[in-house]
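Trainee:
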Amino acid sequence: MTEMATDVSQTREENFPSLEATTIPKLFQIRVQQFGKRTFFRQKHKGVWQRFSYDQVYGRVKEFALGLAKLGLQFGQTLAISGENEKELFWAEYGVLALGGKAVCLYPDMLPNEIKYILQHSEARFLVAEDQEQVDKILAIRAELPLIQKIIYWDPKGMWQYDDPMLMNFAELLEIGRVFARENPDFFEASIEKVKKDDIAVISYTSGTTGLPKGVILTHANLLDNAYRVAMSVEFKPFSQYLSYISPAWGTEQICGVTLGLVVPFELNFPEKPETVLENIRELGAEILVFGPRQWESLVSMVQAHMLDAGPVRRRIYEVGMKVGKEVARERTEGQKINPIWKVLFPLSDVVVLKAIRDNLGLKKAYVTVSGGTAMSPDIFRFFHAIGIKLRNLYGTTETGILTQHLGNCFAPETMGKWFRSHPDFGPPLEWKLKDSGELLARGGAGFAGYYKNSEMTKAKLEDGWFLTGDAVTMKENGELVFLDRVSDLRRLSDGHMFPPQFIETRLRFSPYIRDAIALGDASKPFVSALINIDFDNVSRWAERQGITYATLPDLSQKREVIELIEGAVAHVNQLLEPKSQVKRFVNLPKELDPDEAELTRTRKLRREFIEDRYKGLIRAIYEGESEFCFELQIKYRDGRSGYVKNNTRINFCQGGEVQ
Amino acid sequence: MKVDRISLLFKQVMALTEISLAIYDGEIVSIIGPNGAGKSSLLNCLNGFYKPQTGDIYFEDKRITHLSCHKIARMGIGRTFQGIQAFLGMSVLDNILVGRHIHMKTNVFQSFLYWIWSIKEEVHHRDVAEDILDFLEMAPMRDAIVGDIGYGLRKRVDLGRALAMDPRILLMDEPLAGMNVEEKEDMARFILDIKEFRKIPIVIVEHDMEVVMDISDRVIALDWGRVISEGTPDEVRKDSKVINAYLGEAEH
Chain A
290 MTEMATDVSQ
300 TREENFPSLE
310 ATTIPKLFQI
320 RVQQFGKRTF
330 FRQKHKGVWQ
340 RFSYDQVYGR
350 VKEFALGLAK
360 LGLQFGQTLA
370 ISGENEKELF
380 WAEYGVLALG
390 GKAVCLYPDM
400 LPNEIKYILQ
410 HSEARFLVAE
420 DQEQVDKILA
430 IRAELPLIQK
440 IIYWDPKGMW
450 QYDDPMLMNF
460 AELLEIGRVF
470 ARENPDFFEA
480 SIEKVKKDDI
490 AVISYTSGTT
500 GLPKGVILTH
510 ANLLDNAYRV
520 AMSVEFKPFS
530 QYLSYISPAW
540 GTEQICGVTL
550 GLVVPFELNF
560 PEKPETVLEN
570 IRELGAEILV
580 FGPRQWESLV
590 SMVQAHMLDA
600 GPVRRRIYEV
610 GMKVGKEVAR
620 ERTEGQKINP
630 IWKVLFPLSD
640 VVVLKAIRDN
650 LGLKKAYVTV
660 SGGTAMSPDI
670 FRFFHAIGIK
680 LRNLYGTTET
690 GILTQHLGNC
700 FAPETMGKWF
710 RSHPDFGPPL
720 EWKLKDSGEL
730 LARGGAGFAG
740 YYKNSEMTKA
750 KLEDGWFLTG
760 DAVTMKENGE
770 LVFLDRVSDL
780 RRLSDGHMFP
790 PQFIETRLRF
800 SPYIRDAIAL
810 GDASKPFVSA
820 LINIDFDNVS
830 RWAERQGITY
840 ATLPDLSQKR
850 EVIELIEGAV
860 AHVNQLLEPK
870 SQVKRFVNLP
880 KELDPDEAEL
890 TRTRKLRREF
900 IEDRYKGLIR
910 AIYEGESEFC
920 FELQIKYRDG
930 RSGYVKNNTR
940 INFCQGGEVQ
Chain B
186 MKVDRISLLF
196 KQVMALTEIS
206 LAIYDGEIVS
216 IIGPNGAGKS
226 SLLNCLNGFY
236 KPQTGDIYFE
246 DKRITHLSCH
256 KIARMGIGRT
266 FQGIQAFLGM
276 SVLDNILVGR
286 HIHMKTNVFQ
296 SFLYWIWSIK
306 EEVHHRDVAE
316 DILDFLEMAP
326 MRDAIVGDIG
336 YGLRKRVDLG
346 RALAMDPRIL
356 LMDEPLAGMN
366 VEEKEDMARF
376 ILDIKEFRKI
386 PIVIVEHDME
396 VVMDISDRVI
406 ALDWGRVISE
416 GTPDEVRKDS
426 KVINAYLGEA
436 EH
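Going down the list, the protein sequences come from chains A and B. For what it's worth, the working numbering labels the leading residue of the first sequence as 290, then goes sequentially. For what it's worth, the working numbering labels the leading residue of the second sequence as 186, then goes sequentially.
1. Quick one: is P474 (chain A) buried, meaning 16 or more other Cβ sit within 10 Å of its Cβ, or exposed?
2. Taking only the alpha-carbon atoms, compute the straight-line gap between V954 (chain A) and A860 (chain A) and give it to the nearest angstrom.
3. Please list the partners that P325 (chain B) has in chain A, where partner means a Cβ-to-Cβ separation under 8 angstroms.
4. Go ahead and pull the three-state DSSP assignment for E947 (chain A).
5. Return yes when the Cβ of V579 (chain A) is within less than 8 angstroms of the Cβ of V659 (chain A), no when it is not.
6. Using a Cβ-Cβ cutoff of 8 angstroms, what residues of the segment 377-393 of chain B are near chain A? List them in chain order.
7. Taking C-alpha atoms, which residue in A:V566, A:F469, A:E464, A:A429 lies nearest to D453 (chain A)?
8. Would you give the residue range spanned by the alpha helix (DSSP H) that G466 (chain A) belongs to?
9. Contact criterion: CB-CB distance below 8 angstroms. Does G336 (chain A) meet it with respect to chain B?
10. Within 10 angstroms of the Cβ of D805 (chain A), are there 16 or more other Cβ atoms? Answer buried if so, exposed if not.
11. Can you tell me which residues form a DSSP beta bridge with D189 (chain B)?
12. Which residues, in order along the segment 442-461 of chain A, keep a beta-carbon less than 8 angstroms from a beta-carbon of chain B?
13. What residues from the segment 300-319 of chain B come within 9 angstroms of chain A, judged by C-beta to C-beta, listed N to C?
14. Specify, as a first and last residue, the run of the beta strand (DSSP E) that M764 (chain A) falls within.
15. Check whether the segment 382-391 of chain B and the segment 208-218 of chain B touch, using three or more Cβ-Cβ pairs below 8 angstroms as the test.
16. If you compare alpha carbons, which of A:N515, A:P445, A:G348 is closest to R710 (chain A)?
17. For A602 (chain A), report the span of its alpha helix (DSSP H) as first-last.
18. From R190 (chain B) to V421 (chain B), what does the alpha carbon distance come to, in whole angstroms?
19. By the three-class DSSP mapping on this structure, what secondary structure does L512 (chain A) have?
20. In angstroms, rounded to a whole number, what distance separates the CA positions of N936 (chain A) and L878 (chain A)?
21. Taking A910 (chain A) as the reference, which of A:S818, A:D826, A:F899 has the closest Cα?
22. Out of B:S192, B:G221, B:R346, which one is the CA nearest neighbour of H288 (chain B)?
23. I need the boundaries of the beta strand (DSSP E) containing T328 (chain A), first residue and last residue.
24. Do you know offhand how far V948 (chain A)'s Cα is from T367 (chain A)'s?
25. Going by beta carbon distance, what residues of the same chain come within less than 6 angstroms of G946 (chain A), once the five residues before and after it are set aside?
26. When DSSP labels each residue in this structure, what does I437 (chain A) get in the three-state scheme?
27. Given a threshold of 16 other Cβ atoms within 10 Å of its Cβ, counted over all protein chains shown, does L316 (chain A) qualify as buried or as exposed?
28. Which residue or residues does DSSP assign as beta-bridge partners of N877 (chain A)?
29. Can you check the segment 277-333 of chain B for any alpha helix (DSSP H) of at least 4 residues that lies completely inside it and give the ranges in chain order?
30. Do you know how far the Cα of K880 (chain A) is from the Cα of F202 (chain B)?
31. Give the secondary structure of V642 (chain A) by DSSP, where H, G and I count as helix, E and B as strand, and everything else as coil.
32. Would a C-beta distance cut-off of 8 angstroms place W708 (chain A) and R732 (chain A) closer than the cut-off?
33. Should P397 (chain A) and E433 (chain A) be called a contact, given that it needs their Cβ atoms to be closer than 8 angstroms?
34. CB V771 (chain A) to CB G727 (chain A), shorter than 8 angstroms?
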């Protein structure tokens, strides 16, 4: 251990708010009593936004819970939920929590074999599924799920011909609940009282990039602890418009939507369909948005794509406006003094350009915007700050909860912000330390409750009560955390230097001209180089404007001008890296990386080993210092036929990248 | 619906000769045949565009042979057309509302005033239209202009407009023409859904044999204006008369 354990909250004497409740159902009940007629949920139905007051939500949640109790769900048993974020999903979750049950949410696009494992492992007794698509997935594997008693669906479309006795309409279950409520008027309220703060609320399955998914236990205390960490650090206006978009299968939404939504509280809005999210954000004037970096990236590329199509005059106005915005934002993000001229120009460019962009993206009213999950490209981060959106990075793990976020007025793009404080009622203060490898260890708060039915793995991840995050980070002197990579993903060059390949790849990808990038370098290689998959759409558009003629992607990728263009992008990323981690050589691949050829996963993640094997001849040529390589590759077409690509590929040296 | 020995004559050309057929509740019937066999003419007779010179057509035990097409439409015979017949300049939602017009009761003056009855009626029709949008998975694009959306989606708007009439039988003229494989699969699924959900019979004129054979309960083959074969998809597929009509008579 290189550093002493560091207590995050030096200001212990500070006042903490008193907790209103220590379980989610209790807090839910309190909010309903406080705000009865106020809007809690909002969802578009038949093209019109429908409101649901606290009383109405309470009614549905109660009916659902009682219906489920009548069907036989016992205290501590599991309900699985599979579907998009809609009101029924939240009714079901609040309902099962009130019964003292466990909720397990599934990603709507999960495959049957993944679902099977999770349902078996979590011992799910009932399943709430959105529609025919979700129901069909479960019916296909039902023989292997003997514990499942009923599948309850809320969208009856396409289900008219299903007469399986295992299926039940959501409305039917609510009716059963209403009848049960008449016979047992106090059952629901009594049940809420039985739930204790250390009971399991949610099992959140972490996507297993290696091996089977692990079920992280989130107790009521865990969820509330996390929600209070945020609520104590960010100034929320009560009843802010929150758009629930990220899936509750991910712990972040369990904290932000399900729990923080009650703590603050928020008005929870559900998008009509996943593809209408952008439209819905605008209609609602969403005030609080928590997205993954991918979603923020897609907003930026949408603006950039629109601007590529705009006329020269408009584009010029946009560029000037953005320039002013970026300069002014630099004072905030980088903490540098800026030339006052930019501040003088700012109000004008705000009115002409920046406000219009905010409005178009529907971010006019957004005052808490958070990017959670993996590291985000600083350029995207700066983009949002330039248009006046104070985007904040959030860092955490499902096991320990959220740990750091840009708080107050610090927005350094390369950091994940400062440490949260945890409410003392949930446990000791948050603490961290770093191992020699750069790995972050954390403890405190309600703490890591373990993996469900996997004590071995739980033990492996704990070291004297410290949780091993597996993330390589550095801590800046001002207490901000910089996320580099997963420790297991850092790679060692032949001279022992550790470099962060994903860090390099993410940042290369932000160039509009680069679609994918693979950073090369391992113990047999003395320096870092990169394989680059150009973004054909954007590069071809650029080439047309420059008057460059080309035939196909292989031809375009090897044009001298295009290589210079990419070299510029690589040099930009190199500035962010220490010299030994910089990319010294790169190659523009003459074909696109393709999931159909197993080079990418379906979610467009790189399959590194496969790629390195496939292109091994090219990679050898790079490290032998050749300037050109002719490679042949078998490729598969969509329709299953296959063919050969044969191409001369140029190997490019970066400026200042000569290797001794 | 019953067709009793109808014949249709264009000047000297016999387009349809003594055709008799029946369409039963809740079935999908496909009419196939080579080009010029009389498929579309038959469909046009069913919804009153063409008037057969002889023979009769009955719908729900009423003779409709000589009724005008708008009266036939009001009786509950809906249809979609070849190509795109939607209003390109209007939104998806408005196109579907157009299909509701036969059910609209307020007159021009009431609409101008836009008082209780017209508001109520508009809400009701919008409600029905939204159900159809949801059914066809087009709800998120309700405000898109039809001219801006893809061909496969425009065909779906066409279908939506026909459904908006609340038809008791649906006639579809080449619903799959010009679509790619994915769009065809979608449309085939919607056709099956309509049968399941609305429980109405559907008559399809279509060239795409693969889909026709997959989704039809019954197939009727025409050639030179006559019914040459009728039965389940399998029976028709194996019928030598049908094979000959498509491939030409074998040399003897």
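Just so it is clear, CB atoms sit at the ideal spot from N, CA and C, and this is done for glycine as well.
Mentor: Per the coordinate set shown:
1. Under this definition P474 (chain A) is an exposed residue.
2. Since the first residue of chain A shown is 290 and the last is 949, residue 954 (chain A) is not available in this structure.
3. Within chain A, the residues near P325 (chain B) are E561, K562, E564, T565, E568.
4. With a pLDDT of 48 at E947 (chain A), under the threshold of 50, the predicted position of this residue should be treated as unreliable, though the coordinate-derived value follows. DSSP places E947 (chain A) in coil when its eight states are reduced to three.
5. yes
6. D378, E381, F382
7. A:A429
8. 459-472
9. yes
10. buried
11. B:D241
12. K446, G447, W449, Q450
13. R311, D312, A314, E315, D316, L318, D319
14. Per DSSP, M764 (chain A) belongs to the beta strand (DSSP E) from 755-764.
15. yes
16. A:N515
17. The sequence given here has Val at residue 602 (chain A), not Ala. Note, V602 (chain A): alpha helix (DSSP H), 601-623.
18. 21 angstroms
19. helix
20. Looking at the two C-alpha atoms, the distance is approximately 10 angstroms.
21. A:S818
22. B:R346
23. 328-334
24. Residue placement at V948 (chain A) is flagged as unreliable, the pLDDT there being 47, under the threshold of 50; the coordinate-derived value follows with that caveat. In a straight line, the C-alpha of V948 (chain A) is about 59 angstroms away from that of T367 (chain A).
25. For G946 (chain A), the predicted model reports a pLDDT of 49, less than 50, meaning its position is unreliable and no value from the coordinates is stated.
26. Three-state result, I437 (chain A): coil.
27. buried
28. A:I821
29. 277-284, 293-298, 301-320
30. Per the sequence shown, residue 202 (chain B) should be read as Thr rather than Phe. Their backbone Cα atoms lie some 59 angstroms apart in a straight line.
31. helix
32. Between W708 (chain A) and R732 (chain A), the gap from beta carbon to beta carbon reaches 8 angstroms or more.
33. Not in contact: P397 (chain A) and E433 (chain A) (Cβ atoms no closer than 8 angstroms).
34. no
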